[in-house]
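**Student:**
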Amino acid sequence: GAGVSQSPSNKVTEKGKDVELRCDPISGHTALYWYRQSLGQGLEFLIYFQGNSAPDKSGLPSDRFSAERTGGSVSTLTIQRTQQEDSAVYLCASSPGLGDNNEQFFGPGTRLTVL
Amino acid sequence: QKEVEQNSGPLSVPEGAIASLNCTYSDRGSQSFFWYRQYSGKSPELIMSIYSNGDKEDGRFTAQLNKASQYVSLLIRDSQPSDSATYLCAVNPPSGTYKYIFGTGTRLKVLA
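Listed in order, the protein sequences are those of chains A and B.
Just so we're aligned, residue 1 is where the first sequence starts under the working numbering, counting upward by one.
Just so we're aligned, residue 1001 is where the second sequence starts under the working numbering, counting upward by one.
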């Protein structure tokens, strides 16, 4: 596709429910990243994928968060038993590969609101 | 000390002036540096990347990198009201770790 796409654009859920966020990277990009941005805050790294593997999961805030990527393309970020502090914009980015000079391009984000 | 630091602003400049945005980083071995623009309610948009010491120009934007002093800056010439946004600095630490470290951003306001 022309750019990174994410769905849904907005998600409102009740505390305790599970949610699944989807990211479709730029075609041909092998690296995929998930970030979280709370209101008025900077970007918080969550996880990245190279192909289908996730070498660095260090940013996942708790074991309620998980992510997978299949076929080296689409990725899903799952949050189980959502809490109000999970409310944020979840951003996905992709780059042609890993390495020093690979620029990341962001999708439009998913705004998650946990009531 | 934060790994990537930016003044939160707001930085206010008159239309047509040069806006100067600065970013310092703590990891001396960092190799790649990026500037993103983020409009309110939108996702970050890549403006420029810079990898070598010195200046890199792209239209009205110039990125400047000084690895010895561990800072990177972004100059916006002939600033326009449409440049009003938050500018995020991102740093790619030394090879082996591929997650970007983002600063919290500088809010720029260009006054018409």
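Glycine is no exception: its CB is placed at the ideal position from the N, C-alpha and C atoms.
This one's a predicted model, so the numbers in the text were calculated from it and none came from an experiment.
Please list, in chain order, the residues of the region 63-88 of chain A that have any C-beta partner in chain B closer than 9 Å.
**Tutor:** If the cut-off is 9 Å between Cβ atoms, the region 63-88 of chain A has nothing near chain B.
**Student:** Let me confirm a value: Leu-1111/B is counted as buried when at least 16 other C-beta atoms fall within 10 Å, else exposed. Which label applies?
**Tutor:** By the 10 Å Cβ count, Leu-1111/B comes out exposed.
**Student:** Taking a cut of 7 Å between CB atoms, which residues from the region 42-58 of chain A lie near chain B?
**Tutor:** The region 42-58 of chain A vs chain B, Cβ under 7 Å: Gly-42, Leu-43, Phe-45, Tyr-48 and Asp-56.
**Student:** With DSSP run on the structure shown, which of helix, strand or coil describes Ser-1012/B?
**Tutor:** In the structure shown, Ser-1012/B sits in a strand (DSSP, three-state: E or B).
**Student:** Using 8 Å as the limit for Cβ to Cβ distance, is Leu-21/A near chain B?
**Tutor:** Output row for Leu-21/A: interface = no.
**Student:** Residues of chain A with CB closer than 7 Å to the CB of Gly-1105/B, please, in chain order.
**Tutor:** Those are Gly-42, listed as they occur along chain A.
**Student:** Does the Cβ of Arg-1028/B have 16 or more other Cβ atoms within 10 Å, making it buried, or fewer, making it exposed?
**Tutor:** So Arg-1028/B counts as exposed.
**Student:** Let me see if you follow: with CB-CB separation under 8 Å, is Gly-28/A close to chain B or not?
**Tutor:** Taking Cβ atoms only, chain B never reaches closer than 8 Å to Gly-28/A, which makes this a no.
**Student:** Check whether the Cβ of Lys-1109/B lies closer than 8 Å to any Cβ atom in chain A.
**Tutor:** False, the Cβ-Cβ gap to chain A never drops below 8 Å.
**Student:** Ignore the nearest five residues each way along the sequence and tell me which others in Ala-1090/B's own chain have a CB closer than 8 Å to its CB.
**Tutor:** Hits under 8 Å: Val-1004, Phe-1033, Phe-1034, Trp-1035, Tyr-1036, Tyr-1100, Ile-1101, Phe-1102 and Gly-1103.
**Student:** Report the rounded CA-to-CA distance for Ser-9/A versus Pro-108/A, giving the unit in angstroms.
**Tutor:** Between Ser-9/A and Pro-108/A, the C-alpha separation is close to 8 Å.
**Student:** With a floor of 3 residues, list each beta strand (DSSP E) that falls wholly inside the region 1034-1103 of chain B, ordered by position along the chain.
**Tutor:** Correct list: 1045-1050, 1054-1058, 1061-1066, 1071-1076 and 1085-1092.
**Student:** Please return the same chain residues whose Cβ sits closer than 6 Å to the Cβ of Val-1072/B, not counting the five positions on each side in sequence.
**Tutor:** Within the same chain, Val-1072/B has close Cβ partners Cys-1023, Phe-1033 and Leu-1065.
**Student:** At which residues does the beta strand (DSSP E) containing Arg-1107/B begin and terminate?
**Tutor:** First-last of the beta strand (DSSP E) with Arg-1107/B: 1106-1111.
**Student:** So, does the region 1077-1084 of chain B touch the region 15-26 of chain A, judging by three or more C-beta pairs under 8 Å?
**Tutor:** The answer is no - the region 15-26 of chain A does not touch the region 1077-1084 of chain B, with fewer than three Cβ pairs under 8 Å.
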